[in-house]
Amino acid sequence: MHDIRFIREHPDAFDRGLARRGLAPESKRLIVLDEARRKIILELETAQARRNAASKEIGEAKKTKNEKKAAELMAEVAALKETIPAMEAAEKAASKALDDALAQIPNLPLDDVPDGKEPSDNVEHHRFGAKRDYAFTPKQHFELGEALSQMDFETAAKLSGARFVVLKKGLARLERALGQFMLDVHTSEHGYTEVAPPLLVRDEVMFGTAQLPKFADDQFATQGRIEEDDLQKFFDQLKYDERYLEAGPAIETRHGTTEIPYRLTREGLELFNFFRAAKNRHWLIPTAEVPLTNLVRESIIDEAQLPMRFTACTPCFRAEAGAAGKDTRGMIRQHQFTKVELVSITTPEQSRDEHERMLSCAEEVLRRLDLHYRVVTLCTGDMGFAAQKTYDIEVRLPGQNMYREISSCSVCGEFQARRMNARYRAKQDRNIRHVHTLNGSGVAVGRARIAVMETYQEADGSIAVPDVLQSYMGGMKKIAKSE
RNA sequence: GGAAGGGUGGCCGAGUGGUUUAAGGCACCGGUCUUGAAAACCGGCAGGGGGCUCUGCUCCCUCGUGAGUUCGAAUCUCACCCCUUCCGCCA
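Numbered per the working numbering, the first sequence spans residues 11 to 493.
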């Protein structure tokens, strides 16, 4: 969420930032909304101030027995009480219009983010390791997994549909081992606090990290249950407004009378669906970034507590609404996957350095697994909604013969903090300011398993267990087919 | 799912219709004292927003949220949200 005061004071810089993302200018429209808002606030507050002053004068007039003046003042207050409610409603509407508009606008890129439109415009930052030579043609992870009878898409489809998988034996354990290993590295060596967060969260939490309102279609949510009382309340609210209720076709009853039933209009149905969806709903987290970042929502933290660093290994759930046809084979893009997440809460001064640090924490995991990867700085056109700057780590998948994203580390500035109302009290001047937030995968466990499988595959289709994982695998050195 | 009790500044907490302009404490900041620190004492200290002649002055809103009653609401009424405890069910 942007600061309207910044936009008001730096409209050109704001629009330039949007332009770098390939977006049309917004400052003019926002400033118009803001001016409308401030105008009505001024009117409302003038009326309120007069009402308050007159009320005090009433007391004084009564004290001095000036009944005539008191009566006049009371008439004035009565008149103000007629007009103030409408102004209050107008003020609310104007503020909401501005907030709704602001909520739809993505964060601005930092100066050093490369300009570009597409992933191909991302800039390589550095590499670790090198492509390996194989004496055979490396297979893709799903070929390996299915041949081992430890990765089963068909059964998963019976249970849950496409984009799910059942893992067994060594591959199931490899998933667990990777998560444990990563958490241990981050907690015991990188200073992150391990958290086991809720996987189901409220609307406002999803808004805080900016999954809502814009990306609702990408999320899974639980369905609220509607009871009879709720339904009655819903229809009471409609009040036979013809936008929502209309007369249906007449029905001849058994008794020869004609009844004209009411039914929902299209808009009424939409309203009903909205009402039902919002009732007792929870969202399934698409990433632990959501609960971890929101840990500090609606609070004022002492600067001495910063930076805060949180990590969690959780399942993540994504509807993959816009990904039809993409990565349909294998486990690259699933509705459910495991990820170790890193989140930092910092002061504005710390966030840039913390971003570099977070990247190196994520990289360390891949280094110890001895996986070849490259780091790219995302271009302005490829960055996520909330990010100011993002590094992606792309791991080499020899079977796919591609580099694929395995981690994404973003600094968000105060963009999310504003949405969450997360602030800190500065040590120096005791002022309250918004914190900065950062998030990164440290790293995606599902994709790390794929990378291990494809990188460590052997000619016979078995998979060597990387040294650092063997202790997490009960000493297992090789994942091979077993009866 | 049932019942009861709650939601007040960064934190704790008083306040059940009218100097609440929200007591008091803790924390924090400044000062006095001290070789220094602690203690003690003195002073300051909620958040958000608007306006202006903008280092300042001033106004508005906020006691979970929204509506209502009233000349007047933290306080009363209604609805909703959230939390806690107990009971039931349950891994």
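Just so you know, even glycine gets a beta-carbon here, dropped at the ideal spot from N, CA and C.
Could you check whether residue j and residue i sit closer than 8 Å to each other, using their CB atoms as the reference points?
{"i": "Y4", "j": "R406", "result": "No answer is possible for residue 4: it lies beyond the span of the chain, which begins at 11 and ends at 493."}
{"i": "M486", "j": "I473", "result": "no"}
{"i": "R377", "j": "F138", "result": "yes"}
{"i": "Q398", "j": "P296", "result": "no"}
{"i": "Y401", "j": "T321", "result": "no"}
{"i": "H20", "j": "L112", "result": "no"}
{"i": "L181", "j": "Q150", "result": "no"}
{"i": "Q360", "j": "L316", "result": "yes"}
{"i": "R435", "j": "V445", "result": "no"}
{"i": "T165", "j": "T303", "result": "no"}
{"i": "S417", "j": "L448", "result": "no"}
{"i": "V375", "j": "G189", "result": "no"}
{"i": "K437", "j": "E313", "result": "yes"}
{"i": "L255", "j": "T268", "result": "no"}
{"i": "F152", "j": "G340", "result": "yes"}
{"i": "A329", "j": "D213", "result": "no"}
{"i": "G423", "j": "C371", "result": "no"}
{"i": "T465", "j": "L381", "result": "yes"}
{"i": "I342", "j": "R429", "result": "no"}
In the DSSP assignment, what are the bridge partners of residue i?
{"i": "Y401", "result": "T387 and C419"}
{"i": "Q346", "result": "F327"}
{"i": "K149", "result": "DSSP, once it has assigned bridges, lists no residue as partnering K149."}
{"i": "G320", "result": "The residue asked about is misnamed: residue 320 is Phe in this sequence, not Gly. T203 and V353."}
{"i": "N449", "result": "V353 and S420"}
{"i": "S105", "result": "S105 pairs with nothing; no bridge assigned."}
{"i": "V211", "result": "W293"}
{"i": "S198", "result": "S198 is not bridged to any residue."}
{"i": "R406", "result": "Y413"}
Taking the alpha-carbon positions, what's the residue i to residue j distance?
{"i": "N117", "j": "E67", "result": "49 Å"}
{"i": "Y46", "j": "A104", "result": "Note on residue identity: the sequence assigns Ala, not Tyr, to residue 46. In a straight line, the C-alpha of A46 is about 7 Å away from that of A104."}
{"i": "N441", "j": "R186", "result": "45 Å"}
{"i": "E156", "j": "V475", "result": "18 Å"}
{"i": "A29", "j": "A226", "result": "25 Å"}
{"i": "A6", "j": "N283", "result": "In the structure as shown, the chain starts at 11 and stops at 493, and residue 6 therefore has no counterpart that could be examined."}
{"i": "V518", "j": "A172", "result": "Residue numbering for the chain in the displayed model covers 11 to 493; residue 518 lies beyond these limits and cannot be assessed."}
{"i": "L83", "j": "E53", "result": "20 Å"}
{"i": "E277", "j": "R253", "result": "7 Å"}
{"i": "R289", "j": "F327", "result": "It should be noted that the sequence gives Lys, not Arg, for residue 289. Rounded to the nearest angstrom, the two C-alpha atoms are 21 Å apart."}
{"i": "V42", "j": "I115", "result": "16 Å"}
{"i": "L108", "j": "R291", "result": "26 Å"}
{"i": "A89", "j": "A100", "result": "18 Å"}
{"i": "H5", "j": "Y272", "result": "This structure does not reach residue 5, given that the chain is present from 11 up to 493, and the question cannot be answered."}
{"i": "A298", "j": "P207", "result": "8 Å"}
{"i": "I50", "j": "P35", "result": "25 Å"}
Here's the rule I'm using: 16 or more other beta-carbon atoms within 10 Å means buried, otherwise exposed. How should residue i be labelled?
{"i": "R15", "result": "exposed"}
{"i": "F217", "result": "buried"}
{"i": "A287", "result": "exposed"}
{"i": "L279", "result": "exposed"}
{"i": "D44", "result": "buried"}
{"i": "G183", "result": "Reading off the sequence shown, one finds Arg at residue 183, where the question assumed Gly. Buried is the call here."}
{"i": "E262", "result": "exposed"}
{"i": "G502", "result": "Nothing in the structure corresponds to residue 502, since the chain is present only between 11 and 493."}
{"i": "L169", "result": "exposed"}
Three or more C-beta pairs under 8 Å: does that hold for the segment 379 to 395 against the segment 116 to 136? yes
Below 8 Å, can you find three or more Cβ-Cβ pairs linking the segment 348 to 355 to the segment 319 to 335? yes
Contact between the segment 84 to 101 and the segment 56 to 63 is defined here as three or more beta-carbon pairs at a separation below 8 Å; is this criterion met? yes
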